[in-house]
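Q: One structure is given below, represented as structure tokens, and several questions about it will come after.
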Amino acid sequence: MGDAQAQMPFDPNLLQAARLLAKLSLDELAERSQVSRRSLLNLEAGNPDCLLSTLEILKEVLEEEGVIFLGETESHGPGVRVSRETGMDWTRKRADQRRSRMNQAEPET
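Residue numbering for the sequence shown follows full-length UniProt numbering, beginning at 1 and increasing consecutively.
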């Protein structure tokens, strides 16, 4: 099992965290990856019984959304985060939404 785990493109236990970080629903990830919703549910439930190519496809789709998969180190386990660009996009969108709400709240003269 150790060798198979080393060959995996990412830890399948991180799939749900990565999907939520990418702000994708199960249906959206299923559609974009062409992986069935049932397979995604099984993976997210901790059943990594799938082809490595399936994990590669999921990784590619999630990386396109700005997710970065972090490998395990001596002091930390594997993880996920978003790219700087994705984080900056989120900040811009929040600022735009805030401005829009403020403009709507201003009384017209």
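The beta carbon of each residue, even a glycine, is placed where N, CA and C say it ideally should be.
Determine the burial state of K59: buried for a count of at least 16 other Cβ atoms within 10 Å of its Cβ, exposed for fewer.
A: With 16 or more other Cβ atoms within 10 Å, it is buried.
Q: Starting from V61, trace the alpha helix (DSSP H) both ways and give me its first and last residue.
A: Looking at the DSSP string, the run of the alpha helix (DSSP H) that includes V61 is 52-64.
Q: On the DSSP bridge assignment, give the partners of G79 in chain order.
A: The partner list for G79 (beta bridge, DSSP) reads L70.
Q: Go ahead and label A18 buried or exposed: buried means 16 or more other beta carbons lie within 10 angstroms of its beta carbon, across all protein chains shown.
A: Its Cβ being crowded by 16 or more others within 10 Å, A18 is buried.
Q: What's the C-alpha gap between V80 and Q34?
A: Approximately 22 Å between the Cα atoms of the pair.
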